[in-house]
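Worksheet for the structure shown next.
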Amino acid sequence: MTVFKVYFLIIRRNFAAILMYIGIFAGIAVAIQASFQNLGMTEGFSAMKLDVAVIDRGGGILSEALQEVLGIQHDLVTVADDEQVIQEELYYGNVKYVLIVQDEAMEKLQAGKQAVQSITVPGTIAAYYVEAQVNAFLNEIRTALAGGFSPEEACQEAVALANLSVDVKLVDKNGNAGIRENYNYYFAYMPYAFMGAAIMSLSIVIMELKKKDIRRRMQSSAVPFLTQNLVALISFAVLGAVIWGICMVIQTFLYRGGVFFSNHTGYYLLNSIVFMLVSLSLAYLTGTVSNTPTVLNGMANVISLGFCFLGGIFVPVEMLGEKIEKVSRFLPTYWYSKTNGLLGDYGVLDAGQIKSVWLGIAIQVVFAAACIAVTMAIRQRQLQEKE
């Protein structure tokens, strides 16, 4: 019991670091959820309506057709035909897209000349979005004109196509209606909190207890060496359970039960528990090889951030390139992320997907075991060091 108290006395002194990493993680999760809600992503895809202005410089029937179509797809606003006014409206966000229809626009369109001019904030999604719709509409008119329609008939046909709507039936093959649950994104970022909190608490304990004077006292104490190791393992397990439990409580409040109402509750919990073991093993290794708090802080940041970036936690591995992905396969975060992705993408798992989930979990267990084995070898060498 005395050894147990010593472990948690040291951990309690560094509990603020644990809360810091968990707080950063929770803040990221809340920010992501809020951004999804602001974008309407929690309800799936829906067409966006933007504030669009159409300036008619004598475009005739083409201008009328463009205003009619854009009025259906977006909200039309009035902007003066003045360059400075247009720039100000775009700058303050009062309008997202300004379309200027040139004089004799239809004749220019038929002659293959520029009939319209767009003014937007360069590089914005709104610019590409509306520009694509305008170009599609103009191409429909060109096609109708090439087919022998008169300018008036071509505009009417293009407007009719823009007003056309069809009933689309989505087949839910994945069993989740094509939408990931919010708590899946929470679990996606959880490894950062686990690794940071575990390393900044457990590693400090290991680093303190491996000092020569403390090690000599423990070796000469009445508590058997085997008992000391068992108490150490129990202390590590309790610490891991506390970190894991705090994260579970947070997700329960954030998502009103969240994962506990999922079809894959068991897999989610098992995947997170196994990665908690991975984090504890990394903390054990880090504390064993670190000699000063400065070195420990550096290693904590390198491991937690490095593993998260390369393993697909912060950035999808596909975006990093094929060579980076090959390297990422050696990291436990890659397999955690891959498993979490499967659980989020599919409401019902088939036999092959279940096999992939178990493979990802098993590889994490192997990594943790290998990490512990390497650490024990290093510890054995340190203990055999001449006093």
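Using our numbering, read the sequence shown as starting at 435 and increasing by one per residue.
All C-beta atoms, glycine included, are put in the ideal place defined by N, C-alpha and C.
Counting the other CB atoms within 10 Å of its CB gives M753 a total below 16, which places it among the exposed residues.
Taking a cut-off of 8 Å for Cβ pairs, the region 456-467 and the region 623-636 touch, as three or more such pairs fall below it.
By DSSP's assignment, Q551 forms a beta bridge with I534.
Distance from A570 to L579 at the Cβ level is roughly 15 Å; contact not present, criterion being Cβ atoms closer than 8 Å. Taken through DSSP and simplified to helix, strand or coil, I677 comes out as helix. Sorting S762, I806, A631 by C-alpha distance to the C-alpha of G745 places S762 at the top. A residue is called buried when at least 16 other Cβ atoms come within 10 angstroms of its Cβ; V800 does not meet this threshold and is exposed. At the C-beta level, V550 and I534 come within 9 Å of one another.
Counting along the chain, I559 sits inside the alpha helix (DSSP H) bounded by residues 559-580. In this structure, the CA atom of L524 is about 31 Å from the CA atom of Q544. By the criterion of at least three beta-carbon pairs nearer than 8 Å, the region 806-814 is not in contact with the region 734-742. Here A560 really is in contact with Y531; their C-beta atoms are around 6 Å apart, less than 8 Å. The beta carbon of K483 sits closer than 6 Å to those of H508, D509, all from its chain and outside the five residues before and after it, given in chain order. Relative to the Cα of Q816, the nearest Cα in the group K646, I495, Q518 belongs to K646. The beta carbon of F743 lies closer than 7 Å to those of V749 in the same chain, with the five residues before and after it left out. Going by DSSP, D779 is part of the alpha helix (DSSP H) stretching over 766-779. Contact between I812 and A622 does not hold, since the beta-carbon distance rounds to 32 Å and is not under 8 Å.
Here I452 has A631, M634, S635, I677 as same chain residues with Cβ atoms under 7 Å from its own Cβ, once five neighbours each way along the sequence are excluded. Taking all protein chains in view, the Cβ of P727 is surrounded by fewer than 16 other Cβ atoms within 10 Å, so the residue is classified as exposed. According to the DSSP secondary-structure assignment, L510 is paired through a beta bridge with V486.
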